[in-house]
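Count along the sequence shown starting at 1, add 1100, and that's the number in the numbering used here. We put the beta carbon where it would ideally sit given N, CA and C, even for glycine. All remarks here apply to the structure that follows.
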Amino acid sequence: MTSGSNDQVYQSIGVGYSAARRPDPRIQRLIDTALGDARSVVNVGAGTGNYEPAGRRVVAVEPSLKMIGQRRAGSAPATRAVAEALPFGDQTFEASLATFTLHHWTDLAGGMSEMRRVARRQVVLLFEPWETWKFWLVEYFPECLSLPSEIRAPSVEDVRAYLDVQTVLPVPVPADCIDGFAGAYWRRPEAYLDSSVRAGISSLAQLSGQVAERCVQRLREDLASGEWDARYGYLRELPEIDLGYRLLIAG
Ligand SMILES: C[S@@+](CC[C@H](N)C(=O)[O-])C[C@H]1O[C@@H](n2cnc3c(N)ncnc32)[C@H](O)[C@@H]1O
């Protein structure tokens, strides 16, 4: 594996990803539209294959064997490689796609340059760090902010330095979001008490057992005492929320 791989992280935290993380159809639709008329797509940091579009030629790139091993039967062929060194010739694809993965790359410039080299259109789903960190969950799990993946999480502006970004779309998180990413359970706080939910969220899964248990205990107590509802109960009425997830279309 070439440098830039974050394979080790997902070798240990990737267990159970396919159960905790499934594509949400509303987010899938936004991504399908963003891919436009591209007939061929390389999905970089593909993981278990979420958000790979149907009806197009798709090739997946993923460094972690643990993640590749969880890809569903019949899903797109996967190549073990990193974003920073894509094993394809120039303009092999009509679009390159990267969802929920940029913050794991150790060389953003290299990965962005590769996404551009292999496809004329690039579609990226990321979280805008300063927006997402306002989410109430961070208050309960503040240690997340010290993780390398959070510290290097790129903003939309960071990506603009490397890609010719044409469109930035907010990706609202529905109250019943199917995909279990960090913000998914904003209106269902009890879900974060479940270790299998936390296992699918890299920022929580990377915390040590002791730290995680302390954070979970605080949330548990605030839910039991009514403190969480006193502060955030108004969220339980909302159908969706903007937590800083953004879809970028470039090229
Ligand atoms: C949160 S998962 C996202 C997977 C999938 N794209 C999704 O939306 O469910 C992040 C993925 O990025 C992969 N990854 C980490 N470092 C990478 C790199 N340098 N190049 C490509 N993928 C990487 C991890 O192995 C993991 O599968």
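- For T1201, the number of other beta carbons within 10 angstroms of its own is at least 16, and it is reported as buried.
- In chain order, R1122, D1124 place their CB closer than 6 Å to the CB of I1278, counting only its own chain and leaving out the 5 sequence neighbours on each side.
- Excluding its 5 nearest sequence neighbours in each direction, V1218 has C-beta neighbours in its own chain below 8 Å: V1142, L1186, F1188, G1189, D1190, Q1191, T1192, F1193, S1196, listed in chain order.
- Between V1265 and E1257, the alpha-carbon positions lie close to 9 Å from each other.
- Each of L1130, A1261, V1273, V1311 was checked against the Cα of V1223, and the nearest Cα belongs to L1130.
- Not one heavy atom of ligand 1 sits closer than 7 Å to the Cβ of A1195.
- In this model, S1213 and G1116 are separated by some 31 Å (Cα to Cα).
- Contiguous beta strand (DSSP E) elements confined to the stretch 1198-1260 occur at 1219-1227, taking only those with 3 or more residues.
- Annotation note: the stretch 1257-1293 contains the following uninterrupted beta strand (DSSP E) runs of length 3 or greater, listed N- to C-terminal: 1265-1270.
- Secondary structure note for I1127: its alpha helix (DSSP H) is the uninterrupted segment 1125-1134.
- Taking 7 Å as the cut-off, one finds at least one heavy atom of ligand 1 near enough to the beta carbon of A1146.
- For R1318, the uninterrupted alpha helix (DSSP H) segment begins and ends at 1309-1325.
- Nearest Cα to R1318 within the set Y1240, Y1110, V1273: Y1240.
- Within the same chain, A1275 come within 6 Å of P1339 by CB-CB distance, once the 5 residues on both sides are set aside.
- The DSSP-derived three-state label of A1305 is helix.
- Boundaries for A1181: no alpha helix (DSSP H) harbours it, and the DSSP string shows neither H nor E there.
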